[in-house]
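Notes for the one structure printed next.
Residue numbers (my numbering): 33 to 391.
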């Protein structure tokens, strides 16, 4: 075995073991054939000092990710991970869709643009926002509205359309944020940047919805969308009142409450139901817990950097408590996920079926 082949086999270790058992020799033979040359000196040099090119390494990394998280016919352990990522992506898309819907309706209402419904009293200027914040809210609301058709398209099985709409929503959010910062001197807070980053990761997670993925239970998710919209609408009506200071629960706090509530409900029922979608919710909620914890910590950092003027005096202490609770919840979910996934086999009865459907 040459050094070049050793290096290539070392890269192939990124792939699942059951996949390598079936396809490793074929992949090695194909790779060596592509670098074969009639020049004896060059062949000897490549055998001793050659390495797989970055394009080859990148393709193997992409294959490893696709096999673990976006393949059909995968062994139970990898199938559960893939389902967990899809569930987390659906939950994130649901929150974005519900929030954007509520924000747009409230913005139109407060601008007096909804017929037959009188506009409420003007709101005070939010802490740290410029004088033109009403127009900026309208711009952000219109940009965020793309999340709603993206969610509906995904739930109804239009997966390619959902990915393109979600990508458009992220680009619109970036443009509206840039316009806000450039033309209204809005502070570029950590929470704002973190939200854009999570939205971009969400678009990448939507690539796990392949043809072989299980269909989305659209009735359950549409019901969840209605409930989520109702919760966010109720919170927004309390938040956007013409009084100061704001209530102690900010947006990151609301997400903490929703996450901990969902985790508590899940843990209470997981012992009695072992279906894949129920089991997959444990790592899915663990992923969401770390996302929400990051949002909470970033928002607390913003309060430390820019101050919390205008918010309730209890907002920061409550936020610290929320971070502790969400962190503890994340640890519990990680431990439960590890225990659950260890019990699932990492190899399937037919490794060839997994490999063939994933190539």
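We treat Cβ as the ideally placed atom computed from N, Cα and C, and that holds for glycine.
DSSP three-state assignment for residue i, whether helix, strand or coil
i           : result
residue 107 : coil
residue 253 : helix
residue 391 : Only weak support exists for where residue 391 lies, its pLDDT of 40 falling under 50; the coordinates are left without a value.
residue 191 : helix
residue 71  : coil
residue 245 : coil
residue 260 : helix
residue 337 : helix
residue 101 : helix
residue 162 : With a pLDDT of 48 at residue 162, under the threshold of 50, the modelled position of that residue is not reliable, and the figure given next carries that caveat. Three-state DSSP puts residue 162 in coil, outside helix and strand.
residue 392 : Outside the shown range of the chain, which is 33 to 391, sits residue 392, and nothing can be said about it.
residue 82  : coil
residue 280 : coil
residue 140 : helix
residue 179 : helix
residue 343 : coil
residue 219 : coil
Start and end residues, alpha helix (DSSP H) containing residue i
i           : result
residue 66  : 49-67
residue 224 : 222-237
residue 240 : Careful: residue 240 lies outside any alpha helix (DSSP H) and carries neither H nor E.
residue 359 : 347-375
residue 286 : 283-302
residue 36  : 35-44
C-beta contact flag for residue i and residue j at 9 Å
i           : j           : result
residue 294 : residue 320 : yes
residue 92  : residue 138 : no
residue 233 : residue 284 : no
residue 116 : residue 312 : yes
residue 122 : residue 186 : yes
residue 209 : residue 224 : yes
residue 260 : residue 126 : yes
residue 398 : residue 365 : The displayed coordinates of the chain run from 33 to 391. Any statement about residue 398 would go beyond what the structure contains.
residue 292 : residue 213 : no
residue 78  : residue 36  : yes
residue 176 : residue 131 : yes
residue 315 : residue 361 : no
Nearest-angstrom Cβ-Cβ length linking residue i and residue j, presumed shorter than 8 Å
i           : j           : result
residue 10  : residue 211 : Missing from the structure shown is residue 10; the chain here goes from 33 to 391 and no further.
residue 83  : residue 39  : 5 Å
residue 108 : residue 281 : Not quite, the Cβ-Cβ distance comes to about 40 Å (not below 8 Å), so this is no contact.
Any non-hydrogen atom of the ligand NAP closer than 8 Å to residue i Cβ
i           : result
residue 207 : For the ligand NAP, the structure offers nothing, since it holds no ligand at all.
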